[in-house]
Amino acid sequence: MQAVYESTVFVYGVILLIIYALLAIMSFVAIKIYRRRSSLASYENMLGSPLTPGISVIAPAYNEGLSIIQNVRSLLTLNYPKFEVVLVNDGSTDNSLLQLIEAFEMEKVDYAYSIKIRCQKIKGVYKSRNSAYSRLIVIDKVNGKSKADASNAGINVASYDYFVCTDVDCILSKDTLLKLIKPVTEEPSKRVIAAGATLRIANSCDIEEGVILRMRPPRKLLPRFQEMEYIRAFVLGKMGWSLINCVPNVSGGLGLFDKEVAIKAGGYDAQSFGEDMELMVRMSRYAYDNQIDYAIRYIPETLCWTEAPNTVKIFMRQRTRWARGLAQLMYAHKGMLFNPRYGKAGWVLMPYNFFFELLAPLVELTGIVYYIVQLCRGEINPEYAILLLVFVYMYSIMITTIAILWDQLAFRHYKSFREVLLLCTTPFLEFLLYHPMIVLFSIRGYYYFLTGKKHSWGNMQRQGFGNTTVQRKVAVQQ
Amino acid sequence: MERILIIDDNDIVQMVLQKILVREGYAVDIATNGKEGLELIDRENYDLIITDLMMPYANGFEIISKIRQHPKGERAKIIIISAVTQEHSITEGFQLGADDYLKKPITGKELVIRVKRLLDAKRATTNIHV
Amino acid sequence: MFKDFTSYLQDNNVLTALYYYFLDLPLVIEVACVFILVALSATLLAYGSILVRRYRGYRQDKKETDLLPVIDQLLTEHVVLNEGLADNVPIDDIELPIEKFRTKTLRNPANRQLLIDRIVNYKKSFAGSIGDLLRRLYLELELDKVSFRKMKSVKWNRKVQGMIELTDMDMSISDVNILPLTNSKNRELRAEARNAYIKLSKNEPFKFFDVVTEPLLMWDQIELFKTITTTEEIAIPKFARWVTYSPNKSIVSFCLKLIVHYNQQDAAHAVIKLLDNKDHNLRADAINCLGKLRCEEAEPHLVEIYYSQPLNCQLEILKAIGRMDTGNQIQFLRHEFLHSSDFDIRKNAAKSLIKTRATPKSLVDELIETGTAENKLILRHCMNPLIKF
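Chains A, B and C are the protein sequences, given in the same order. Positions 1 to 478 (the numbering used here) are the ones given, in order, by the first sequence. Positions 479 to 608 (the numbering used here) are the ones given, in order, by the second sequence. Positions 609 to 997 (the numbering used here) are the ones given, in order, by the third sequence.
(1) At a CB distance below 9 Å, what residues from the segment 726-743 of chain C approach chain B? Give them in sequence order.
(2) Can you check DSSP and say which residues form a bridge with N89/A?
(3) With a threshold of 7 Å on Cβ separation, who are the neighbours of V439/A within its own chain once the five nearest residues in sequence on each side are excluded?
(4) I'd like to confirm something about E102/A: is its beta-carbon nearer than 7 Å to some heavy atom of the ligand SAM, or not?
(5) In chain order, what residues of the same chain lie with their CB nearer than 8 Å to the CB of D269/A, ignoring the 5 residues before and after it?
(6) Assign V250/A to one of three DSSP states: helix, strand, or coil.
(7) Measure the C-alpha to C-alpha separation of C165/A and A265/A and round it to an integer number of angstroms.
(8) Got a sec: is the Cβ-Cβ distance from I994/C to anything in chain A below 8 Å?
(9) I need the straight-line Cα distance from A61/A to L87/A, nearest angstrom please.
(10) With DSSP as the reference, label R297/A as helix, strand or coil.
(11) Quick one: what does DSSP say M106/A is sitting in, helix, strand or coil?
(12) Would you verify that the beta carbon of A112/A is, or is not, closer than 8 Å to some beta carbon of chain C?
(13) With a 10 Å radius around its C-beta and 16 neighbouring C-beta atoms as the bar for buried, classify E638/C as buried or exposed.
(14) For L256/A, does the three-state DSSP call read helix, strand or coil?
(15) Which full runs of the alpha helix (DSSP H) of 4+ residues lie inside the segment 485-522 of chain B, going along the chain?
(16) If you drop the 5 nearest sequence neighbours on each side, which residues of the same chain put their C-beta closer than 8 Å to that of E748/C?
(17) Is the CB-CB distance between I155/A and K259/A below 8 Å?
(18) According to DSSP, is I117/A part of a helix, a strand, or is it coil?
(19) Let me confirm a value: A153/A is counted as buried when at least 16 other C-beta atoms fall within 10 Å, else exposed. Which label applies?
(20) Closer than 7 Å by beta-carbon distance: list the chain C residues that pair up with G48/A, in chain order.
(21) Determine, for L574/B, whether the minimum Cβ-Cβ distance to residues of chain A falls below 8 Å.
(22) Helix, strand or coil: which one does DSSP assign to I193/A?
(23) Is the CB of Y535/B under 8 Å away from at least one CB in chain A?
(24) According to the Cβ coordinates, are F83/A and I55/A closer than 8 Å?
(25) For the segment 836-905 of chain C, which segments carrying the alpha helix (DSSP H) assignment without a break, of at least 4 residues, lie completely within its bounds, in sequence order?
(26) Which two residues bound the contiguous beta strand (DSSP E) that contains C165/A?
(27) In chain order, what residues of the same chain have a beta carbon less than 6 Å from the beta carbon of S173/A, not counting five sequence neighbours either side?
(28) Would you kindly report the start and end of the unbroken beta strand (DSSP E) that includes Y126/A?
(29) Is the beta carbon of A576/B closer than 8 Å to that of I558/B?
(30) Near A320/A, which residues of its chain fall below 7 Å by C-beta distance, leaving aside the five closest residues on each side in sequence?
(31) How is V211/A classed by DSSP in three states: helix, strand or coil?
(32) For R546/B, does the three-state DSSP call read helix, strand or coil?
(33) Closest Cβ-Cβ distance between K582/B and chain C: below 8 Å?
(34) For S131/A, name the three-state secondary structure that DSSP assigns.
(35) I believe V168/A touches I68/A by the beta-carbon criterion, under 8 Å. Please report the beta-carbon distance rounded to the nearest angstrom.
(36) Tell me which same chain residues have a C-beta within less than 7 Å of the C-beta of Y914/C, skipping the five on either side of it?
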């Protein structure tokens with residue numbers, strides 16, 4: 001029994017290490033290809049062309065009154081010839097709607113739409129009398145207690161064939177739409193159902209009226225850990241996966257989607273705690289079921305900055321929620337696991353998610369407990385144990401540093417070397433401080449997943465989108 | 479001397495337009511984004527404003543609409559210079575009150591002629607009013 | 609416990625002792641040791657690379673901030689504000705102080721590239737005589753040779769870069785050099801070569817339309833469209849030719865867009881024939897094209913085939929009727945608006961009904977008064993000038 005456990009964990013660990021090494025190599029290749037192409041591409045051609053596809057930018061907002069005007073204004077300055085901004089006011093209890101009506105000279109219009117995916121009741125649709133804001137459309141709806149529900153309302157009203165989903169408090173780069181649509185327009189044979197880009201933490205950046213003036217790694221440790229994690233997850237992880245067309249998820253902070261496929265797949269799931277990944281899996285599943293040869297593309301460029309939780313309490317809530325979403329997702333789509341019908345998604349993506357995302361915290365926790373027990377019983381040689389630990393520690397630092405290196409090679413973000421150095425020190429502490437938190441919070445999420453069903457949904461859901469945003473606002477103000 | 483404001487985030491366009499127009503004898507100011515542009519309009523009096531459409535902080539359409547609502551900007555002439563050539567953008571620009579629309583790439587001579595003509599027209603109407 | 613290392617030292621030197629000591633460790637530990645070393649050196653290497661990268665980037669930035677103002681000064685003073693331009697002197701007779709651009713710094717390859725990029729950028733923003741003078745400067749500084757050399761490179765991205773520079777500067781590239789590239793296996797190279805060919809070929813710029821077999825991607829279409837519609841000397845052919853003969857769907861669909869752009873009314877006949885095509889996406893494109901051409905003679909035919917079409921074509925037919933605005937199909941639109949079960953059909957029927965100037969106001973009023981709540985909403989939606997779609 002013991003031998004079986006030990007060898008399983010050993011094999012598990014070795015596979016994980018190999019996957020990371022492969023991702024490092026694959027992402028390097030993918031980034032190199034991207035860089036070559038984008039340095040030669042002239043995005044201006046799209047600006048003057050009647051062939052450029054239209055994009056609806058969907059931004060759900062709940063009680064964002066503090067910054068909503070500025071954020072909408074900033075969305076309206078996106079560099080793209082054919083787009084609309086669909087702002088979804090998800091039953092805010094503050095004066096968001098009034099502010100919008102006043103600032104953008106809006107009035108309620110008779111807007112006809114058909115509900116293609118389920119969402120809470122839409123109370124009204126507003127357009128501006130001033131044609132300077134003709135690209136803006138505001139939806140006022142009954143609060144659906146989730147970002148998913150609000151996004152669905154936006155998708156129902158959106159007029160173009162592609163939509164970009166974002167958060168109203170995310171800061172987008174001016175060329176976001178041009179850069180996200182490019183992979184869609186240059187795909188020779190597959191249908192690109194989604195495209196994503198790198199997200200980063202806005203916490204310590206210099207921001208002026210919704211424009212990033214200067215990027216900085218967060219000064220506080222917790223957000224800095226997250227910046228490091230985002231770089232690793234996006235630049236190394238998703239870019240690596242994108243090389244073999246196995247992108248697991250397009251982040252909820254910024255992603256471009258094929259509207260037709262998203263609607264046919266059923267839109268966002270308001271019951272899900274990880275609605276972005278859930279939609280991606282369902283869209284992939286839909287594509288396989290309907291013989292659509294699809295692709296999900298990723299670009300390494302940072303196009304979106306988001307405010308990261310900077311207290312442990314809010315961070316815990318976020319990660320618990322994500323873990324719960326992952327557990328839900330794997331449970332709901334367990335039929336895809338090793339199912340030949342779902343090709344790469346069934347053989348690579350879902351197994352990876354299952355074994356190395358979902359099970360990882362559990363394996364780790366049991367491993368540590370086992371380790372300590374064996375150590376106390378004197379079954380393990382402490383020197384060997386330490387050596388193995390040092391190895392794992394060094395390896396994780398190496399992978400993270402490589403991710404930072406790839407990012408630096410490609411974009412040379414941040415102004416000074418000192419800032420990069422500061423970021424490079426974070427992986428040394430990750431093992432001791434950040435990683436244990438993630439493991440614990442994930443297990444907490446799984447626990448809620450297992451027990452939560454017995455409680456009422458509504459009760460749990462109030463921890464969702466709405467509340468976190470408010471909490472986050474408060475946290476930011478402190 | 480007649481005063482012109484150029485609002486464009488492209489450094490080459492800014493610089494070259496400024497040099498060409500200064501040589502023609504105008505006083506030229508530059509704003510690199512919508513926000514700066516609106517601040518300058520607030521503070522100064524311009525006879526003519528040349529603006530791009532896609533810029534940080536505030537896009538060209540918003541700027542034109544703001545200028546037209548502004549007591550000082552009501553009579554100023556506005557030229558849009560943009561790489562965006564879709565019909566609906568052009569009509570939208572004119573609807574908001576732009577007086578002319580130049581597509582990039584620009585020819586220097588055409589620009590000078592159009593600027594002159596607009597300013598002549600402005601002078602003529604001002605004289606009548608006086 | 610680790611074994612005592614000293615026992616290995618007895619009759620060996622330190623290195624061999626270490627080696628034997630290492631060999632006697634359990635396999636897992638051996639592997640761990642090797643990997644710790646690998647990980648450690650990789651991390652250190654990464655730090656080194658970041659440092660080098662930052663330093664190089666810093667140097668590059670510094671060089672640009674030093675050099676760009678100098679280049680800008682030269683370009684604005686001698687090209688943009690050149691006296692000759694104001695006096696309408698022919699471009700080739702304008703005095704251009706070339707030697708001022710032949711400084712030692714600008715001869716350095718990296719700096720020269722900076723100059724090329726800058727000239728190309730100026731050319732992109734300025735057409736007319738300024739553009740022509742920039743081109744003359746580029747030629748007299750023999751920068752075209754630099755770009756041509758890039759085209760001869762083995763790396764595809766260098767080739768593309770050279771080609772882009774040459775096309776942006778309106779240089780002619782001989783067919784011999786470019787035709788083979790239009791069939792290259794590399795997508796970017798192929799697309800750029802075609803773009804260059806269309807822009808620069810004197811004889812038959814659209815030759816490759818006849819032979820291309822693989823699909824023309826949207827990205828490439830956008831670039832080609834821009835080149836075709838902005839190059840001045842290009843002889844615009846009758847695109848109906850490819851609509852009729854090309855077996856390549858993407859070429860046909862691209863030509864439909866060009867027909868609309870150039871308003872080639874005489875293409876209508878060829879486009880109407882396309883309505884029998886098996887591919888419904890192509891049919892939808894054809895219907896869209898007919899609507900934008902306002903080809904009234906096609907309208908009865910469109911209505912005739914309407915009920916046998918899939919949804920996307922039906923929607924295009926409704927839109928086309930609105931664009932043609934003949935006033936002959938009011939009853940048809942009314943019928944679709946009232947009786948279709950599909951929301952998008954009803955909305956587009958209503959939109960075209962409102963768009964049709966001949967629609968009597970009494971009819972709209974009647975529809976609003978007698979309609980269901982949703983139909984009322986649709987009509988009001990279509991009548992609201994604030995809503996575009």
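Heads up, the beta-carbon is just placed ideally off N, CA and C, and yes, glycines get one too.
Looking at the coordinates:
(1) Taking a C-beta cut-off of 9 Å against chain B, the contacting residues of the segment 726-743 of chain C are R726, N729, Y730, K731, K732, S733, F734, A735, G736, S737, I738, G739, listed in chain order.
(2) Answer is A61/A, D140/A, bridged to N89/A.
(3) Contacts found: P361, E364, L365.
(4) Absence of the ligand SAM is noted for the structure shown, with no ligands found whatsoever.
(5) Cβ neighbours of D269/A within its own chain (closer than 8 Å, five residues either side excluded): A148, E275, E278, L279, R282.
(6) Coil.
(7) Distance from the CA atom of C165/A to the CA atom of A265/A, rounded to whole angstroms, is 16 Å.
(8) The sequence given here places Leu at residue 994/C; Ile does not occur at that position. Under the Cβ criterion of 8 Å, L994/C is counted among the residues facing chain A.
(9) A61/A and L87/A have their C-alpha atoms spaced approximately 7 Å apart.
(10) Strand at R297/A.
(11) M106/A: strand per DSSP, three-state reduction.
(12) Residue-level contact by beta carbon holds for A112/A and chain C, with a gap shorter than 8 Å.
(13) Exposed.
(14) Three-state result, L256/A: strand.
(15) You should have 489-501, 512-521.
(16) Answer for E748/C: L704, I706, listed in chain order.
(17) Going by C-beta atoms, I155/A is nearer than 8 Å to K259/A.
(18) Under the three-state reduction of DSSP, I117/A is assigned to coil, being neither helix nor strand.
(19) By the beta-carbon neighbour count (other beta carbons within 10 angstroms, threshold 16), A153/A is buried.
(20) Chain C residues near G48/A: K834.
(21) Put simply, the CB of L574/B is near chain A, with a gap under 8 Å to one of its CB atoms.
(22) It is a strand residue.
(23) Residue-level contact by beta carbon holds for Y535/B and chain A, with a gap shorter than 8 Å.
(24) Taking C-beta atoms as the reference points, F83/A and I55/A count as a pair closer than 8 Å.
(25) Inside the segment 836-905 of chain C, DSSP marks whole alpha helix (DSSP H) runs of 4 or more residues at positions 848-853, 857-869, 876-881, 888-901, from first to last along the chain.
(26) Start and end: 162-166.
(27) Correct list, in chain order: L303.
(28) From DSSP, the beta strand (DSSP E) with Y126/A extends over 122-128.
(29) Yes, the pair counts as a contact, with Cβ atoms nearer than the cut-off.
(30) The identity of residue 320/A in the sequence shown is Thr, whereas the question assumes Ala. Hits under 7 Å: F441, R444, G445, Y448.
(31) Strand at V211/A.
(32) In this structure, R546/B counts as helix in the three-state DSSP scheme.
(33) Output row for K582/B: interface = yes.
(34) In the structure shown, S131/A adopts helical secondary structure according to DSSP, grouped into three states.
(35) Contact between V168/A and I68/A holds: CB atoms are separated by about 6 Å, below the 8 Å threshold.
(36) Excluding positions up to five away in sequence, the list reads Q922, I925.
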